[in-house]
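Just so you know, we're using the working numbering here: the sequence shown kicks off at 62 and counts up by one. Quick reminder that beta carbons are idealized off the backbone N, C-alpha and C, glycines included. For reference, the structure discussed in these notes is given below.
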Amino acid sequence: MSKHDAIAAEGAVYFLFGATGDLARRKLFPALFSLYKEGKLAEDFAVIGLARRPRTNEQFRADVHESIGEFCRYKADDEALWNRFAEHFVYMPLDIKNVDGFRELSRLTVELDKKFDIPGNRLFYLALAPELFGPVSFNLRDGGMLESPGWNRLVIEKPFGYDLESARKLNTQLSQVFKEEEIYRIDHYLGKEMVQNIEVLRFSNAFFEPLWNNKHIANVQITLSETVGVEERGGYYDKSGALRDMVQNHMMQMLAMIAMEPPSRLHPEDIRDEKVKALRSLRPYETAAEVNQHVIRGQYSEGAVNGKPLSGYRQEDSVNPESSTETYFAARVYLDNFRWAGVPFYIRTGKRLPVKTTEIVIEFKNVPNNILFANRHELEPNLLVIRVNPMEGIYIKINAKKPGAENVVPVSMEFCQSCMVGINTPEAYERLLHDAGRGESTYFTRWDEVAQAWSFVDRIAAVWREGNASLQFYPAGSWGPERTDGLLAEDGFHWWPVNGQVEDNVIWISGGPK
Ligand code: BG6
Numbered sequence: 062m063s064k065h066d067a068i069a070a071e072g073a074v075y076f077l078f079g080a081t082g083d084l085a086r087r088k089l090f091p092a093l094f095s096l097y098k099e100g101k102l103a104e105d106f107a108v109i110g111l112a113r114r115p116r117t118n119e120q121f122r123a124d125v126h127e128s129i130g131e132f133c134r135y136k137a138d139d140e141a142l143w144n145r146f147a148e149h150f151v152y153m154p155l156d157i158k159n160v161d162g163f164r165e166l167s168r169l170t171v172e173l174d175k176k177f178d179i180p181g182n183r184l185f186y187l188a189l190a191p192e193l194f195g196p197v198s199f200n201l202r203d204g205g206m207l208e209s210p211g212w213n214r215l216v217i218e219k220p221f222g223y224d225l226e227s228a229r230k231l232n233t234q235l236s237q238v239f240k241e242e243e244i245y246r247i248d249h250y251l252g253k254e255m256v257q258n259i260e261v262l263r264f265s266n267a268f269f270e271p272l273w274n275n276k277h278i279a280n281v282q283i284t285l286s287e288t289v290g291v292e293e294r295g296g297y298y299d300k301s302g303a304l305r306d307m308v309q310n311h312m313m314q315m316l317a318m319i320a321m322e323p324p325s326r327l328h329p330e331d332i333r334d335e336k337v338k339a340l341r342s343l344r345p346y347e348t349a350a351e352v353n354q355h356v357i358r359g360q361y362s363e364g365a366v367n368g369k370p371l372s373g374y375r376q377e378d379s380v381n382p383e384s385s386t387e388t389y390f391a392a393r394v395y396l397d398n399f400r401w402a403g404v405p406f407y408i409r410t411g412k413r414l415p416v417k418t419t420e421i422v423i424e425f426k427n428v429p430n431n432i433l434f435a436n437r438h439e440l441e442p443n444l445l446v447i448r449v450n451p452m453e454g455i456y457i458k459i460n461a462k463k464p465g466a467e468n469v470v471p472v473s474m475e476f477c478q479s480c481m482v483g484i485n486t487p488e489a490y491e492r493l494l495h496d497a498g499r500g501e502s503t504y505f506t507r508w509d510e511v512a513q514a515w516s517f518v519d520r521i522a523a524v525w526r527e528g529n530a531s532l533q534f535y536p537a538g539s540w541g542p543e544r545t546d547g548l549l550a551e552d553g554f555h556w557w558p559v560n561g562q563v564e565d566n567v568i569w570i571s572g573g574p575k
């Protein structure tokens with residue numbers, strides 16, 4: 062049993078700021094219910110929903126019930142269990158700009174502490190716009206919310222700033238109220254089962270780690286593709302774009318997990334130290350010419366998926382009809398350290414691509430071509446593919462003799478995790494809320510990681526701002542701007558098919574991908 066399975070979160074009051082919002086409905090209420098159902102939340106907890114809009118406790122509980130019915134992997138059909146769970150939920154309307162409301166909140170909290178025998182621990186989850194993080198923190202302090210005998214933890218969502226400067230300002234505000242170890246910055250990719258599994262795969266298998274370097278690895282490819290467009294989030298997305306929305310956080314975090322050195326202990330700070338070292342060794346683009354050479358910036362235009370016509374980004378709601386915001390990003394990046402010198406990491410992410418998938422492909426170098434089989438056959442490189450989302454698992458591609466023939470053929474061996482646990486794998490938010498509730502901060506981003514990722518991304522943004530990089534269009538439903546293939550071809554590589562779509566000649570040992 063892993064430590065994740067075993068330990069219930071410590072008794073605490075959970076304050077959900079933004080309790081009437083989308084994140085609470087889709088992710089947080091279902092996550093709390095799953096944790097409760099699995100015994101990871103004991104009876105010593107309370108949840109206070111906070112938002113401006115008036116709501117009674119009954120209405121709030123009805124919202125929670127509805128959200129669980131729609132989004133939770135467990136159903137709330139055991140009435141006794143539901144009633145016990147629901148009793149822990151209360152709602153209080155709050156104007157977050159007015160400190161008096163926080164004093165009232167403080168009184169309510171003390172009552173709940175008594176009722177549920179909670180030892181004064183407080184977890185503040187801000188599902189709010191980032192410009193409110195600072196003011197809410199100040200009012201928590203000034204309203205006397207941080208004076209209880211237990212611990213205080215602040216959980217916040219991305220985006221953490223818009224660039225390094227704004228992120229720094231935000232951090233300065235937060236650090237006037239909370240210590241770094243009290244701040245839990247969410248990157249929900251770090252809550253995904255297979256992203257956490259990278260560490261286990263790398264550091265607990267004798268046959269990966271010895272090969273995990275520039276002597277044996279030819280390149281690394283990280284793809285995070287989405288079929289959705291910008292949906293109803295045009296207002297936010299048009300100011301953000303793929304670089305800030307996906308690269309600064311999720312892509313950089315996955316890259317750091319792949320590239321980091323083994324930590325000396327499995328302690329959160331040791332792991333995060335290694336991740337930040339990896340991010341520090343990212344080679345910065347020094348000039349506009351370098352950005353243009355290594356980075357591709359795309360935006361989807363009209364297109365179609367399965368015959369269904371789709372509009373272009375500029376036609377989406379709340380998007381500037383002349384917007385030059387990127388919905389696609391691809392880049393060749395290098396890490397200048399002993400392990401990775403000379404190994405290109407190709408990263409790409411985009412909206413309105415043909416499939417929804419997140420995959421990491423490690424392509425190994427070929428065996429020397431003057432020996433044995435390589436002399437007589439076209440050998441394909443060995444691959445290790447980590448499938449993060451929505452299918453979870455790994456497969457490796459090796460060369461083997463075709464049965465009954467002379468030929469050498471590629472063979473894939475698969476460990477399909479989703480086939481084993483089905484859809485019942487814990488949601489990222491479940492894992493992260495559970496971790497925050499028991500003070501396990503490994504899979505939250507530390508300030509120096511965030512700052513490092515911003516400083517890498519800011520250089521690209523600066524070149525784009527000066528208009529030095531032309532935006533390239535791609536039809537919705539395609540794999541991005543044409544030049545994306547060129548990025549790898551220039552180095553003699555190509556993107557490996559993702560989503561289990563391996564080439565036709567591969568023989569599957571376990572029946573092939575689902
Ligand atoms: C979010 C981005 O962080 O991640 C969204 O803001 C994106 O634009 C989402 O759609 C993707 O997450 P997942 O877990 O669905 O791959």
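Under DSSP, the beta-bridge partners assigned to residue 470 are 461. For residue 418, the enclosing beta strand (DSSP E) has its first and last residue at 418-425.
Considered as a whole, the region 96-140 harbours 106-112 as its complete beta strand (DSSP E) runs of no fewer than 3 residues, in chain order. With a cut-off of 8 Å on Cβ pairs, the region 133-147 is in contact with the region 91-99, counting three or more such pairs. Per DSSP, the beta bridge partners of residue 369 are 366. Residue 450 has its Cβ nearer than 8 Å to a heavy atom of the ligand BG6. For residue 187, the enclosing beta strand (DSSP E) starts and ends at 183-187.
Relative to the ligand BG6, even the nearest heavy atom lies 8 Å or more away from the CB of residue 407. Note on geometry: alpha-carbon atoms of residue 504 and residue 330 lie some 11 Å from one another.
Fewer than three beta-carbon pairs drawn from the region 449-459 and the region 206-217 are found closer than 8 Å, and the two stretches are therefore not classed as touching. Straight-line spacing of the CA atoms in residue 393 and residue 550 works out to 12 Å. Collapsing the DSSP output to three states places residue 536 in a strand. For residue 380, there is no enclosing alpha helix (DSSP H), as DSSP marks it with neither H nor E. Going by C-alpha positions, residue 325 is about 20 Å away from residue 242. Residues of the same chain with a CB within less than 8 Å of the CB of residue 187, apart from the 5 flanking positions on each side, are 78, 79, 193, 194, 197, 215, 216, 217, 218 in chain order. When Cβ pairs closer than 8 Å are counted between the two stretches, the region 241-261 is seen not to touch the region 380-394, the count staying below three. A contact is defined here as three or more CB-CB pairs under 8 Å, and the region 277-289 fails this definition with respect to the region 517-525. If you ignore the 5 residues before and after residue 177, its C-beta comes within less than 6 Å of the C-beta of 105, 107, all in its own chain and listed in chain order. When the five nearest sequence neighbours on each side are left out, the beta carbons in the same chain lying within less than 6 Å of the beta carbon of residue 185 are those of 76, 215, in order along the chain.
In this structure, the C-beta of residue 262 stays at least 8 Å away from each heavy atom of the ligand BG6. Taking every protein chain shown into account, the CB of residue 100 has fewer than 16 other CB atoms within 10 angstroms, so this residue is exposed. Only exposed fits residue 268, as fewer than 16 other CB atoms lie within 10 angstroms of its CB. The DSSP-derived three-state label of residue 448 is strand. For residue 298, there is no enclosing beta strand (DSSP E); the residue is found in the alpha helix (DSSP H) stretching over 295-303. Our two residues, residue 478 and residue 256, have alpha carbons roughly 13 Å apart in a direct line.
Cβ neighbours of residue 245 within its own chain (closer than 7 Å, five residues either side excluded): 214, 215, 216, 497, 502, 505. When DSSP states are grouped into helix, strand and coil, residue 527 belongs to the coil group.
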